[in-house]
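What follows is one structure encoded as structure tokens, with my remarks underneath.
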Amino acid sequence: HIISPRHTRIVKLYKDPDPIFTKYQIEDQIASIFANRVPLKSGGHIVINPTEALVAIDVNSGKSTQETSMEHTAYTTNMEAAAEIARQLRLRDLGGLIVIDFIDMRERKHKHALVKAMKEYTKLDKARISVGTISKFGLMELTRQRISASIEYGSFVPCPHCQGKGLVPSAERLSLEFLRKLRSEVLKENITQVKGIVPVNVADYLLNRKRKELLDVEAKKNLTITIEGNPAMQPGESRIICE
């Protein structure tokens with residue numbers, strides 16, 4: 031009543047025993063906001079990838095192949111995607127430069143219709159939006175006013191293991207790094223035993239794919255090497271104990 035008196039007549043107290051978010055499937059809708067892939071009713075989908083420089087959106091027809099004409103399939107999928115993209119920009123509060131890779135269309139009238147539709151769909155947005163034309167590569171650029179930080183900014187933190195890249199080093203790369211470190215460590219004198227402690231996947235790779243390299247080090251330095259996998263270790267961590 032204090033915050034918005036004019037809405038007191040339409041606000042009702044929820045008294046059902048079931049959680050309100052569960053009853054009205056709000057949790058599923060919230061979860062969908064954080065998904066990169068957004069399905070379309072036609073069977074296609076869009077993929078949203080925010081980066082520091084821009085927001086990249088890719089439109090794919092997927093299983094949307096019921097139309098006999100590829101041009102018509104591209105047009106109908108793009109039109110459906112345009113409406114969903116405009117909606118997702120509002121839901122996720124994405125701002126700055128946005129580049130959309132629509133499915134390629136040859137007909138100029140279809141390209142004009144798509145640009146016109148995007149302008150209409152974005153009229154519902156309270157943020158200022160400027161919609162550009164479609165380039166010869168099928169890309170549409172638009173800018174959206176940054177009203178506040180995007181919903182992802184307040185809901186996620188950079189991954190401590192991949193430094194926000196979304197990728198971690200492969201077992202092969204980590205194994206090669208370990209072998210270089212091992213060869214350096216065994217240069218010390220009076221070493222008869224070496225124990226290497228690494229993540230489990232790296233240990234498996236070393237013992238199965240790099241066993242020959244380990245045997246070569248043992249033979250050249252006349253020592254014994256033991257590899258142990260530690261499930262608590264993160265990618266990039268390793269220990270070498272020389273005795």
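Converting from the sequence shown to the working numbering requires adding 30 to each position, the first position being numbered 1. Glycine included, every Cβ here is placed at the ideal spot set by N, Cα and C.
For residue j and residue i, believed in contact at Cβ under 8 angstroms, the rounded distance
i, j, result
"residue 72", "residue 107", "6 angstroms"
"residue 257", "residue 228", "7 angstroms"
"residue 87", "residue 115", "6 angstroms"
"residue 113", "residue 89", "Contact doesn't hold; Cβ gap of about 12 angstroms is too wide."
Same chain only: Cβ atoms within 7 angstroms of residue i, ignoring 5 sequence neighbours per side
i, result
"residue 163", "145"
"residue 137", "101"
"residue 199", "265, 266"
Residue i in three-state terms, based on DSSP
i, result
"residue 223", "strand"
"residue 140", "helix"
"residue 62", "helix"
"residue 216", "coil"
"residue 38", "coil"
"residue 172", "strand"
"residue 162", "strand"
"residue 102", "helix"
"residue 194", "coil"
"residue 77", "strand"
"residue 157", "coil"
"residue 270", "strand"
"residue 187", "coil"
"residue 86", "strand"
Environment of residue i [buried if 16+ CB atoms lie within 10 Å]
i, result
"residue 47", "exposed"
"residue 37", "exposed"
"residue 218", "exposed"
"residue 70", "buried"
"residue 105", "buried"
"residue 183", "exposed"
"residue 236", "buried"
"residue 249", "exposed"
"residue 75", "buried"
"residue 187", "exposed"
"residue 127", "exposed"
"residue 208", "buried"
"residue 78", "buried"
"residue 52", "exposed"
"residue 240", "buried"
Residue i at chain B interface by Cβ criterion, 7 angstroms
i, result
"residue 176", "Among the protein chains of the structure shown there is no chain B, as only one such chain exists."
Other residues of its chain near residue i: CB distance less than 6 angstroms, five sequence neighbours each side excluded
i, result
"residue 134", "168"
"residue 244", "255"
"residue 121", "63"
"residue 221", "253, 272"
"residue 130", "87, 170"
"residue 177", "157"
"residue 84", "127, 129"
"residue 124", "85, 180"
Contact set for residue i: own chain, Cβ-Cβ below 8 angstroms, skip 5 residues either direction
i, result
"residue 234", "201, 259"
"residue 147", "109, 112, 113"
"residue 211", "268, 270"
"residue 50", "44, 56"
### beta strand (DSSP E) runs contained entirely in the stretch 225 to 266, provided each spans 3 or more residues
254 to 259
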